[in-house]
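Enquirer: Per our numbering, numbering of the sequence shown is gapless, rising by one per residue and ending at 149.
All residues carry an ideal CB built from backbone N, CA and C; glycine is no exception.
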Amino acid sequence: MRHAIAPGTGDPANFTLGDCSTQRNLSDEGRGQAERIGAALKANAVPIDTVLTSQWCRARETAERLGFGPTEAEPALNSFFGNRGDRDRQTEALKARLFELDAAGMKAALVSHQVNITALTGVYPASGEIVVISLGDDGKVRVDGRIETE
């Protein structure tokens, strides 16, 4: 899924990965959106064994507010909006991780950014939108559906 509502585009010039005060963060509306998405997923008994997240604060906070327990930072989910040259390397690393999870029989919720999701799936998601994917025997990622959360 794309992180919840975080007004603006990209990150400020003084962006530092470990310092949320330098980043574009969730708004109050985005915090509520993430909590509602988590509640809806639980109400619909969506099986989620693990939650992987970008290390960006807006993605991490979205993942935490879903309420599925501990989240795990996954660098392959980090935004490459500011460095498009990382697109192919990160997308391949993410595919490898997805195939590892699938081989282990694990269902994962991934919280990332528009550019990452578009690179993986071809879908341009809205804030908080969920793109449901599966992995084909041919090694490709298939889009099985989209869930517009609000």
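For T61, list the residues DSSP reports as bridge partners.
Expert: Within the sequence shown, the letter at position 62 stands for residue 61. Answer by DSSP bridge pairing: none, since T61 is not bridged.
Enquirer: Kindly indicate which three-state DSSP category E147 falls into: helix, strand or coil?
Expert: For the purposes of this step, residue 147 is taken as residue 148 along the sequence shown, with counting starting at 1. Coil at E147, not helix or strand.
Enquirer: Does R1 pass the burial test, meaning 16 or more other C-beta atoms within 10 Å, or should it be called exposed?
Expert: One-based indexing of the sequence shown puts residue 1 at position 2. So R1 counts as buried.
Enquirer: Helix, strand or coil for A107, going by three-state DSSP, please let me know.
Expert: Position 108 of the sequence shown holds residue 107. It is a strand residue.
Enquirer: Within 10 angstroms of its Cβ, does R64 collect 16 or more other Cβ (buried), or is it exposed?
Expert: The residue given as residue 64 occupies position 65 in the sequence shown. Result: buried.
Enquirer: How many angstroms separate the CA atom of G81 from the CA atom of G7?
Expert: Here the question's residue 81 lines up with position 82 in the sequence shown. Here the question's residue 7 lines up with position 8 in the sequence shown. Computed Cα separation, rounded: 14 Å.
Enquirer: Could you check whether the segment 44 to 54 touches the segment 101 to 120, counting it as contact only if at least three pairs of C-beta atoms, one from each stretch, sit closer than 8 Å?
Expert: yes
Enquirer: By Cβ distance, which residues of its chain are closer than 6 Å to G84, with the 5 residues on each side in sequence left out?
Expert: Here residue 84 is taken as the residue at index 85 of the sequence shown, counted from 1. If we look at G84 and ignore the five residues flanking it on each side, it has no Cβ neighbours.
Enquirer: Spatial neighbours of R30 within its chain, please: C-beta separation below 8 Å, excluding the five flanking residues on both sides.
Expert: Counted from its first residue, the sequence shown places residue 30 at position 31. Within the same chain, R30 has close Cβ partners A3, E60 and R64.
Enquirer: If contacts are defined as beta-carbon pairs under 8 Å, then R145 and V122 qualify, I think. What distance do you get, rounded to the angstrom?
Expert: Taking the first residue of the sequence shown as position 1, residue 145 is located at position 146. Taking the first residue of the sequence shown as position 1, residue 122 is located at position 123. Between the beta-carbon of R145 and that of V122 there is about 6 Å, and that keeps the pair under the 8 Å contact cut.
Enquirer: Quick check on the burial criterion: 16 or more other C-beta atoms within 10 angstroms. Buried or exposed for A42?
Expert: In the sequence shown, counting from the first residue as 1, residue 42 sits at position 43. A42 should be labelled exposed.
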